[in-house]
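Residue numbering for the sequence shown follows our numbering, beginning at 9 and increasing consecutively.
Even glycine gets a Cβ: it sits at the ideal position worked out from N, Cα and C.
What you are looking at is a predicted structure, and each value in this text was computed from that prediction instead of being measured.
One structure is given below, encoded as structure tokens.
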Amino acid sequence: MGDATTTGRPETARADAGLEKAGLRLDVDGAVATVTLNRPERRNAMTFDTWRGLAAIGRSLPSDVRVVVLRGEGPCFSAGIDLGMFSGEGEGFTDGSDAEATDRFIAELQEGYTWLRRPDIVTVAAVHGHAIGGGFQLALACDIRVAADDVKFCMKEPALGLVPDLTGTKPLVEIIGIGRALELCLTARTVHADEAARLGLAEIVVPRDGLDGAVGDLVASLLAVNPGAAVATKRLLWEAAENTLEQQCAAERREQIGRLRQLFGK
Ligand code: ACO
């Protein structure tokens with residue numbers, strides 16, 4: 009799949025067609041990009057092309073985009089992997105017999121998720137209805153989750169004989185802790201809105217018909233903050249979990265020197 013673009017260059021039509029095939033839509037409006045999972049008739053089930061398409065969007069996002077919203081069209085956010093992929097429908101399907109090739113293949117698909125943590129953007133998942141498996145992991149890959157009160161998160165992979173491998177295990181454990189993560193994954197049970205809010209899986213929970221409005225308000229607040237400070241603060245906060253207190257203090261000083269120079273022109 010080629011790089012995604014909405015710049016009006018000749019490759020736009022090709023990129024749009026590629027995204028459509030991937031079940032995705034990209035709308036860029038100034039500093040805000042909205043990525044829509046767009047196969048409602050399949051409950052936004054995701055194919056290998058979907059994950060490659062997400063990676064392509066990440067690679068070619070216009071540099072003035074500051075906030076990326078991920079949402080699902082139709083009755084839910086996403087029903088996870090398209091179950092047809094398991095019957096070998098997907099280009100590049102692997103049975104794992106070649107470990108190195110499979111490792112490369114999964115790494116390529118994970119690129120659809122990893123860019124969402126980049127410090128130059130803030131990513132917001134607007135989640136309603138089911139967010140299953142790869143769909144749940146996509147929400148977990150975002151910085152902030154806004155959920156509708158009909159949200160249903162489920163890490164279904166172990167029930168299908170698989171592990172979650174689309175970058176979701178790290179944020180899940182960081183957000184809810186190892187014990188709760190084990191309980192959720194190894195029972196593949198569904199987490200509804202109240203519990204999601206309690207566990208920190210959603211920062212904001214609103215009635216279903218208020219989801220777009222709540223996301224709009226959040227995006228406006230995010231854009232109101234100084235852009236350079238937003239980038240530096242996101243970088244700092246993501247580093248915090250890995251750093252010792254000493255390293256984190258040093259990181260705060262380093263980022264603040266950058267901010268002061270920027271603000272006061274030295
Ligand atoms: N893959 C392929 N097609 C799907 C998927 C999927 N994951 N989920 C739904 N569809 C299709 C259905 O087959 C159905 O197609 P049809 O109209 O041709 O019969 C259509 O989407 C609508 O699905 P329904 O089941 O009728 O919709 P409903 O709203 O009642 O239920 C739900 C939604 C709960 C998401 C249900 O479809 C479901 O359980 N899907 C499978 C979820 C799953 O196991 N995903 C894999 C997770 S593991 C991972 O992501 C790695």
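- Contact check for L219 against A156 passes: the beta carbons are separated by less than 7 Å.
- Using a C-beta cut-off of 8 Å, the region 78 to 94 makes contact with the region 41 to 59, since at least three inter-stretch Cβ pairs fall below that distance.
- Pairing Q255 with T175, the inter-Cα distance amounts to about 25 Å.
- Here the distance from the Cβ of R216 to the nearest heavy atom of ligand 1 is not below 6 Å.
- Assigned with DSSP and collapsed to three states, M54 falls in strand.
- Between E28 and the set D57, A41 and D37, the nearest pair of CA atoms involves D57.
- For ligand 1, no non-hydrogen atom lies closer than 6 Å to the CB of D111.
- In the DSSP assignment, G80 falls within the unbroken beta strand (DSSP E) covering V75 to G80.
- Nearest to A238 by C-alpha distance, out of V130, G120 and T198, is V130.
- Closest by C-alpha distance to D72, out of S229, L192 and D37, is D37.
- In the three-state reduction of the DSSP assignment, R126 falls in the coil class.
- Of the heavy atoms belonging to ligand 1, at least one sits nearer than 6 Å to the Cβ of K164.
- Ranked by Cα distance from R60, the first of Q264, G31 and R74 is G31.
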